[in-house]
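Data first, discussion second: the structure below is written as structure tokens.
2 protein chains.
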Amino acid sequence: MSATKAARERATIVDVARAAGVSRQTVSNVLNRPELVAAPTRDRVRQEIVRLGFAPNVAAQQLRRRRASAYGFEVNPSLVGKMGHILDGFLVELTTTAPGHQSHLVTFTADRDDVLAGYRQLLGTGLVDGFIVGDTRYGDPRPAWLVESGVPFVAFGRIWDLPALDQWVDVDGRAGMRTAVEHLLAEGYGSVAFLGWPVGSPAGDDRRQGWLDGLAGSTADTPSLVEESVQDLNRATCAAARLLERMGGAGAILCASDLLALGAMRAVRAAGLEPGSDIGVVGMDDSDVAEALELTSLRQPLREAAVAAWRILHGDPKGRAPALLAPTLIIRNSSTRSQEKKP
Amino acid sequence: MSATKAARERATIVDVARAAGVSRQTVSNVLNRPELVAAPTRDRVRQEIVRLGFAPNVAAQQLRRRRASAYGFEVNPSLVGKMGHILDGFLVELTTTAPGHQSHLVTFTADRDDVLAGYRQLLGTGLVDGFIVGDTRYGDPRPAWLVESGVPFVAFGRIWDLPALDQWVDVDGRAGMRTAVEHLLAEGYGSVAFLGWPVGSPAGDDRRQGWLDGLAGSTADTPSLVEESVQDLNRATCAAARLLERMGGAGAILCASDLLALGAMRAVRAAGLEPGSDIGVVGMDDSDVAEALELTSLRQPLREAAVAAWRILHGDPKGRAPALLAPTLIIRNSSTRSQEKKP
Numbered sequence: 060m061s062a063t064k065a066a067r068e069r070a071t072i073v074d075v076a077r078a079a080g081v082s083r084q085t086v087s088n089v090l091n092r093p094e095l096v097a098a099p100t101r102d103r104v105r106q107e108i109v110r111l112g113f114a115p116n117v118a119a120q121q122l123r124r125r126r127a128s129a130y131g132f133e134v135n136p137s138l139v140g141k142m143g144h145i146l147d148g149f150l151v152e153l154t155t156t157a158p159g160h161q162s163h164l165v166t167f168t169a170d171r172d173d174v175l176a177g178y179r180q181l182l183g184t185g186l187v188d189g190f191i192v193g194d195t196r197y198g199d200p201r202p203a204w205l206v207e208s209g210v211p212f213v214a215f216g217r218i219w220d221l222p223a224l225d226q227w228v229d230v231d232g233r234a235g236m237r238t239a240v241e242h243l244l245a246e247g248y249g250s251v252a253f254l255g256w257p258v259g260s261p262a263g264d265d266r267r268q269g270w271l272d273g274l275a276g277s278t279a280d281t282p283s284l285v286e287e288s289v290q291d292l293n294r295a296t297c298a299a300a301r302l303l304e305r306m307g308g309a310g311a312i313l314c315a316s317d318l319l320a321l322g323a324m325r326a327v328r329a330a331g332l333e334p335g336s337d338i339g340v341v342g343m344d345d346s347d348v349a350e351a352l353e354l355t356s357l358r359q360p361l362r363e364a365a366v367a368a369w370r371i372l373h374g375d376p377k378g379r380a381p382a383l384l385a386p387t388l389i390i391r392n393s394s395t396r397s398q399e400k401k402p
Numbered sequence: 060m061s062a063t064k065a066a067r068e069r070a071t072i073v074d075v076a077r078a079a080g081v082s083r084q085t086v087s088n089v090l091n092r093p094e095l096v097a098a099p100t101r102d103r104v105r106q107e108i109v110r111l112g113f114a115p116n117v118a119a120q121q122l123r124r125r126r127a128s129a130y131g132f133e134v135n136p137s138l139v140g141k142m143g144h145i146l147d148g149f150l151v152e153l154t155t156t157a158p159g160h161q162s163h164l165v166t167f168t169a170d171r172d173d174v175l176a177g178y179r180q181l182l183g184t185g186l187v188d189g190f191i192v193g194d195t196r197y198g199d200p201r202p203a204w205l206v207e208s209g210v211p212f213v214a215f216g217r218i219w220d221l222p223a224l225d226q227w228v229d230v231d232g233r234a235g236m237r238t239a240v241e242h243l244l245a246e247g248y249g250s251v252a253f254l255g256w257p258v259g260s261p262a263g264d265d266r267r268q269g270w271l272d273g274l275a276g277s278t279a280d281t282p283s284l285v286e287e288s289v290q291d292l293n294r295a296t297c298a299a300a301r302l303l304e305r306m307g308g309a310g311a312i313l314c315a316s317d318l319l320a321l322g323a324m325r326a327v328r329a330a331g332l333e334p335g336s337d338i339g340v341v342g343m344d345d346s347d348v349a350e351a352l353e354l355t356s357l358r359q360p361l362r363e364a365a366v367a368a369w370r371i372l373h374g375d376p377k378g379r380a381p382a383l384l385a386p387t388l389i390i391r392n393s394s395t396r397s398q399e400k401k402p
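Chains B and R supply the protein sequences, listed in that same order.
When the count follows my numbering, it moves up by one through the first sequence with no breaks and lands on 402 for the last residue.
When the count follows my numbering, it moves up by one through the second sequence with no breaks and lands on 402 for the last residue.
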């Protein structure tokens, strides 16, 4: 889709005002100061905004404010710094690539009880023109609210509840897991068990499906070899120990994250076995822990994801939405059978 | 120092103009658009700015711009995400504590060849009111330039070359290392060797001094047991192996960082010994790797540092500058002699 074509197709604020039977100023108020507008009018205008697919033009906003555009990025203090949490890496890549897209990044934290409050407040300061929304989840109120409010945004993570919204970038965990299964079978581990998160998280379910995909294409038939653990090292170690008992001292364990994989490595060693030469172990995220422990892991293409996010946000014709990017398998000692072990 | 007293003592733009024999507008130009001012005049004005200690008032700037104040924070892509790099943790804490100080954070990257260019560019956009300058070093051009340019800032890390500038927050690595030596001696390791970075980095030299301080207060006399390595796992492992040979299979290794400590743990295991029960190992930064590997480490008080930084930046009477904060020793299996080993 070319930029010109997009501009031609895009509904204007006048279209929205006409359809809702209100003035242009009222539409603007609904977008910028909704508290000034009576609830029934506000709802009618928002319905028309969504129906017509109206989105304020980033370039026009930028011109009006006569400064570089800036975008808010939510930092979740309870997640950041945790092993395998990749949003801090994504933040760095967004910052690094921002100048090439005439953009700046403003970090903020959201309220735990009212997830939209932080977004509302930051918009109110006039500091940002839109958002990059990370860590999307089932029942996420942010995408719908941003569309209704006419605020430009791009999501890092699929917009799971609103399949019609394609303004997202994500990493194809499913394809990555399939690649990992193929690698483990090619290494001769015979069977590939799965240590995943409890069913119900979009990324976790997606990764589990990739494991099943990988098995479906092989002669190994082990889809019953699965255990679940939340993202906690001790619980992951226990879950992996249960899995190991059922595996009969052979095979490989594919894990939904590096932290789960670290638990698996601990369980393997506790059973008197060696990761790699005895039991294959693969994680996902390629955290610094994976590198330090010689753990094979799926690396997320964060630089590529950041560039795709900026392009989609700015309506750059080179940025195709949605963007589903493949992770790369970084092979280390934990998933190779014949190797020289490092000390 | 109370806020009122600070205001009374502070030189104004009029004082600078009078002293330099120029108009108020010229001083303002030197600060905001130096390219408009002839070099000799610019130099004269800058000399008076530094001599009179003139610093534009953050609150006044904020009022003038009629929006929340925002501060730039440089992200160094070559450092972030590396094990034990604590600036991403600091960024999260700055973001979390910003709303309590009516502030926002704008991340940016600096040019490798012209470290000031990124600062100049971001100032030029009008998006930020000042900076939080991390990763200070010997020969750092940023503090002097920011003072000369009249840009409000606070440093995370001492302003090593300009001892008269006290607007910084730092973590007392020296005190932390002394505490670690005392802990290792109390655990009965007998001798404490040091694995540090090559002499010449301010934080590294400071930590080494803390090790010497700790030995000086004890009966253990092992200041010759020192090896150096850059921040690289393989080199750290080799350096630790050399150190171990000289230690005769007993004692402890105190390391300047978690990455060096990870190398030490590898060398210990390669020598057929066990970290903790045979050789004590302590790192610094309390990275997620330290937690995963049961490595004792010095945790930096990043939340406290962020709050102190905001207070100093805003001239909050509760924020005393400089702020030198003590790290906390997090004791794990790698530095305790009698323990139940986790799998």
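Backbone N, C-alpha and C fix where the C-beta goes; we use that ideal spot for every residue, glycine too.
Quiz item: chain R beta carbons: is any one of them nearer than 9 Å to that of Phe215 (chain B)?
Solution: no
Quiz item: Hey, quick one: how far does the beta strand (DSSP E) through Ile390 (chain R) stretch, first residue to last?
Solution: Per DSSP, Ile390 (chain R) belongs to no beta strand (DSSP E) and is neither H nor E.
Quiz item: Touch check for the region 382-396 of chain R and the region 225-241 of chain R: three-plus C-beta pairs under 8 Å?
Solution: yes
Self-check item: Entirely enclosed beta strand (DSSP E) segments - the region 310-358 of chain R, minimum 3 residues
Solution: 311-314, 339-343 and 355-358
Self-check item: Assigned secondary structure, Ala365 (chain B) (DSSP; H/G/I helix, E/B strand, else coil)
Solution: helix
Exercise. Tell me whether Leu424 (chain B) is buried or exposed, calling it buried when 16 or more other Cβ atoms sit within 10 Å of its Cβ.
Key: The question about residue 424 (chain B) has no answer here: the residues shown for chain B are numbered 60 through 402.
Practice problem: Return the first residue and the last residue of the beta strand (DSSP E) that Trp251 (chain B) is part of. | Solution: Residue identity check: residue 251 (chain B) is Val in the sequence provided, not Trp. Val251 to Gly255 is the span of the beta strand (DSSP E), which, as asked, contains Val251 (chain B).
Quiz item: In this structure, does DSSP put Glu287 (chain R) in helix, strand or coil?
Solution: strand
Practice problem: Could you name the residues of the same chain whose beta carbon sits closer than 7 Å to that of Glu264 (chain R), not counting the 5 residues immediately before and after it, in chain order? | Solution: The question names Glu, but residue 264 (chain R) in the sequence shown is Asp. Same-chain partners within the cutoff: Val258.
Quiz item: So, are the CB atoms of Leu372 (chain R) and Tyr130 (chain R) less than 9 Å apart?
Solution: yes
Quiz item: So what does Val228 (chain B) bridge to, in DSSP terms?
Solution: B:Phe215 and B:Ala382
Practice problem: Would you grab the beta carbon distance between Ala364 (chain B) and Phe149 (chain B) for me? Rounded to a whole angstrom, and I think it's under 8 Å. | Solution: 7 Å
Practice problem: Mind listing the chain R neighbours of Pro386 (chain B)? Cutoff is C-beta to C-beta under 9 Å, in chain order. | Solution: The premise fails here: Pro386 (chain B) is roughly 16 Å from chain R at the closest Cβ pair, so nothing lies under 9 Å.
Quiz item: Is Ser397 (chain R) helix, strand or coil when you go by DSSP?
Solution: coil
Quiz item: Using a Cβ-Cβ distance under 9 Å, would Thr154 (chain B) count as near chain R?
Solution: yes
Quiz item: Does Asp172 (chain R) have its Cβ less than 9 Å from a Cβ in chain B?
Solution: no
Self-check item: Ala382 (chain B) to Ala367 (chain B) span [Cα, whole Å]
Solution: 7 Å
Self-check item: Distance CB(Ala299 (chain B))-CB(Val327 (chain B)) smaller than 9 Å
Solution: yes
Exercise. Indicate whether Ile191 (chain R) and Phe253 (chain R) have their beta-carbon atoms separated by less than 9 Å.
Key: no
Quiz item: Under the DSSP definition of a beta bridge, which residues are partnered with Val96 (chain B)?
Solution: Partner(s): none; Val96 (chain B) has no beta bridge.
Self-check item: Distance between Arg201 (chain R) and His160 (chain B) (C-alpha atoms, nearest Å)
Solution: 26 Å
Quiz item: So, is the C-beta of Val289 (chain R) closer than 9 Å to a C-beta in chain B?
Solution: no
Self-check item: chain B contact for His163 (chain R) (CB, 9 Å cutoff)
Solution: yes
Quiz item: What residues from chain R crowd round Phe167 (chain B), counting only those whose CB sits closer than 9 Å?
Solution: Thr154, Ala157, Pro158, His163 and Leu164
Exercise. Following the continuous beta strand (DSSP E) through Leu449 (chain R), name the residue where it begins and the one where it ends.
Key: The requested residue 449 (chain R) does not occur in the structure, where chain R is confined to residues 60 to 402.
Quiz item: Looking at the C-beta of Gln180 (chain R), does it have a partner C-beta in chain B at a distance below 9 Å?
Solution: yes
Self-check item: According to DSSP, residues forming a beta bridge with Phe132 (chain B)
Solution: B:Thr166 and B:Ile191
Quiz prompt | Rounded C-alpha distance that separates Glu286 (chain R) from Glu304 (chain R) | solution = 12 Å
Quiz item: For Arg171 (chain R), does the three-state DSSP call read helix, strand or coil?
Solution: coil
Practice problem: Tell me where the alpha helix (DSSP H) around Tyr178 (chain B) begins and ends. | Solution: Ala176 to Gly183
Quiz item: Anyone know if the C-beta pair for Gly177 (chain R) and Asp170 (chain R) falls short of 9 Å?
Solution: yes
Exercise. Could you confirm whether any beta carbon from chain R is found closer than 9 Å to the beta carbon of Asp265 (chain B)?
Key: no
Quiz item: Apart from the five residues just before and just after Trp219 (chain R), which ones in its own chain have a Cβ nearer than 8 Å to its Cβ?
Solution: Thr195, Arg196, Tyr197, Asp199 and Pro261
Quiz item: Between the C-alpha atoms of Ser316 (chain B) and Asp344 (chain B), what's the straight-line distance to the nearest angstrom?
Solution: 6 Å
Quiz item: Taking just the CA atoms, how far does Met236 (chain R) sit from Arg266 (chain R)?
Solution: 6 Å
Exercise. Compute the beta-carbon to beta-carbon distance between Val165 (chain R) and His163 (chain B), rounded to the nearest angstrom, for a pair I have assumed lies under 8 Å.
Key: 5 Å
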